[in-house]
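Asker: Residue 1 is where the sequence shown starts when you use UniProt numbering, and the numbers rise one by one after that.
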Amino acid sequence: MLSQQDLLFLFTETRAQSELICSFLEIEDYVVQPRENVSPPKWHLGHTTWFFEEFVLKDHNKDYELYDKNSAYVFNSYYESVGEKVVRTDRGNLSRPTVAWVYAYRNYVTKAIINFLEQTEISKELCGILEIGCHHEKQHQELLLTDIKFILGNNPLLPVYNKQFEENPIEDFEAEWLKIEEGVYEVGHQSNDFCYDNELGVHKTYLQNFEISTKLVTNREYLEFMEDGGYEDVLLWHAEGWDWKNSNKISSPLYWHKINGEWHQYTLSGLIRLIPDAPVNHISYFEAFAYAQWKEARLPTEAEWEIAQKQFKWGTRWEWTESAYSPYPGFKTAAGALGEYNGKFMVNQKVLRGSSVATSEKHARHTYRNFFQPELRWQFTSLRLAK
């Protein structure tokens, strides 16, 4: 666990990073909500502030005065045990509080946390809550980037967010198949560094012989799947995936645009020609599964990925796995409202492993268990084949 001084540094660094991400926005960008699972940037800034106010200052600093009595109602997300909240679909209707108000709220809470840490010796338990709060905000930094991309990517003008943002690093090497021998392996978080409760505890699992690619699937390879009729071949798809594809008229990854017969891709640095050798991006689990079927391969399980990951590079895309998001043996939710953080979502979701170009510094680790519904693709998602 971090010392109180290290925690203070992590907190101030994290708070500044969220505001740096938003510094590239125009004021009008802060309120837009194109769909339910995309939140306005203003809401992210307020929600991550409310977390510290609700779980640290309100409960542990007797001298703290709430900035506003409505903050919890406006910025609570899914913590049912905490109280009433604005319905998720209505976050984009919040023209008030204003962006200026949200920044003033952030400043008020940030200063209160800093003063609290500088003047009070806190318990190990509270240090743990503060560390969770910092990593919770780092999660929202990635969500900020992906939500901003969806907001701007649905603007007919396809505006630039940040010309310097590089989201298509190329894996400049030939793909190889790693062979992993069958046996009993240990998975789960084993160090004293930070992790979420869903990464605990360490347990043994038996794996059959398998092979896994050292390289993510590229745009060029995925385009071959498309041109071979992959989106029209019902035999490649789950029934639910086939219905999703047809209902939503899906025929290419998110943010792909065919202009004058040539594929382009919208990125945070603007609309560019598709880079053939870059890893494919913004695909759903359904699409990843169909592609793997077309290649007569499969997706790795999360245990296979974790055991093999030390032998390949990862970190530019979240990688879909074949594993359902479920508890590890012995999993227990935390007491109180923080128990709603991970455990309540362990149903109808698929695990993704790795991290992405949008993942915040000091937040990626090989045991991280990201999870989303199989149809979602606004995150930086890709696939690695196994067999």
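All residues carry an ideal CB built from backbone N, CA and C; glycine is no exception.
Is it true that the CB of L45 sits closer than 8 Å to the CB of R106?
Answerer: Yes, these two residues count as a Cβ contact at 8 Å.
Asker: So what does DSSP say about S382, is it helix, strand or coil?
Answerer: Looking at S382 - three-state DSSP - the assignment turns out to be strand.
Asker: If you drop the 5 nearest sequence neighbours on each side, which residues of the same chain put their C-beta closer than 7 Å to that of C30?
Answerer: A quick correction: the sequence has Tyr, not Cys, at residue 30. Correct list, in chain order: P40, P41, K42 and V99.
Asker: Quick check: the Cα distance between I272 and V38, rounded to an integer number of angstroms?
Answerer: C-alpha separation (whole angstroms): 23 Å.
Asker: Go ahead and pull the three-state DSSP assignment for I148.
Answerer: Correct three-state label for I148: helix.
Asker: Which runs of the alpha helix (DSSP H) spanning at least 4 residues fall entirely within the UniProt domain "Sulfatase-modifying factor enzyme-like" (175-309), listed in chain order?
Answerer: Those alpha helix (DSSP H) runs which fall completely within the UniProt domain "Sulfatase-modifying factor enzyme-like" (175-309) and span 4+ residues are 219-227, 239-247, 285-294 and 302-308.
Asker: Please work out which residues of its chain come closer than 6 Å, Cβ to Cβ, to V217, disregarding the five sequence neighbours upstream and downstream, and give them in chain order.
Answerer: Cβ neighbours of V217 beyond the five flanking positions: V280 and L383.
Asker: Roughly how far, in whole angstroms, is the beta-carbon of Y266 from the beta-carbon of S251, given that I think they are within contact range, below 8 Å?
Answerer: Not quite, the Cβ-Cβ distance comes to about 16 Å (not below 8 Å), so this is no contact.
Asker: By how many angstroms is the C-alpha of E125 removed from the C-alpha of I132?
Answerer: Between I132 and E125, the C-alpha separation is close to 11 Å.
Asker: Applying the criterion that 16 or more other CB atoms from any shown protein chain within 10 Å of the CB defines a buried residue, is E19 buried or exposed?
Answerer: Flag for E19 reads exposed.
Asker: Assign A297 to one of two classes, buried (16 or more other C-beta atoms within 10 Å of its C-beta) or exposed (fewer than that).
Answerer: It is buried - the Cβ of A297 has at least 16 other Cβ atoms within 10 Å.
Asker: Measuring CA to CA, which of Y161, N192 and L385 is closest to E26?
Answerer: Considering only alpha carbons, the answer is Y161.
Asker: What are the start and end residues of the alpha helix (DSSP H) that includes L94?
Answerer: Neither: L94 is in no alpha helix (DSSP H) and is coded neither H nor E.
Asker: Note down, in chain order, each residue of its chain lying with its Cβ closer than 8 Å to the Cβ of D147, except the 5 sequence neighbours on either side.
Answerer: If we look at D147 and ignore the five residues flanking it on each side, its Cβ neighbours are V38, S39, P40, P41, H44 and W378.
Asker: Where W263 and F225 are concerned, what is the direct C-alpha to C-alpha distance, given to the nearest angstrom?
Answerer: Taking the straight line joining both Cα atoms gives about 14 Å.
Asker: On the premise that N342 lies in contact with D197, defined as a C-beta separation below 8 Å, what is that separation, rounded to the nearest angstrom?
Answerer: So it is a contact: roughly 6 Å between Cβ atoms.
Asker: What three-state label does DSSP hand W314 in the structure shown?
Answerer: Reduced to three states, the DSSP call for W314 is coil.
Asker: Less than 8 Å between the C-beta atoms of R365 and T321, yes or no?
Answerer: No, these two residues do not count as a Cβ contact at 8 Å.
Asker: When DSSP labels each residue in this structure, what does V32 get in the three-state scheme?
Answerer: Here V32 sits in coil by DSSP.
Asker: State the CB to CB distance for the pair T120 and L178, rounded to an integer number of angstroms; the pair is presumed to be in contact (CB under 8 Å).
Answerer: 50 Å between Cβ atoms; not a contact.
Asker: Count the C-beta pairs between the stretch 354-361 and the stretch 133-152 that are closer than 8 Å, then say yes if the count reaches three, no if not.
Answerer: The stretch 354-361, when compared against the stretch 133-152, does touch it at the 8 Å Cβ threshold.
Asker: For Y103, tell me which candidate among V32, N219 and R15 has the shortest Cα-Cα distance.
Answerer: Selected option, being the one with the closest Cα: R15.
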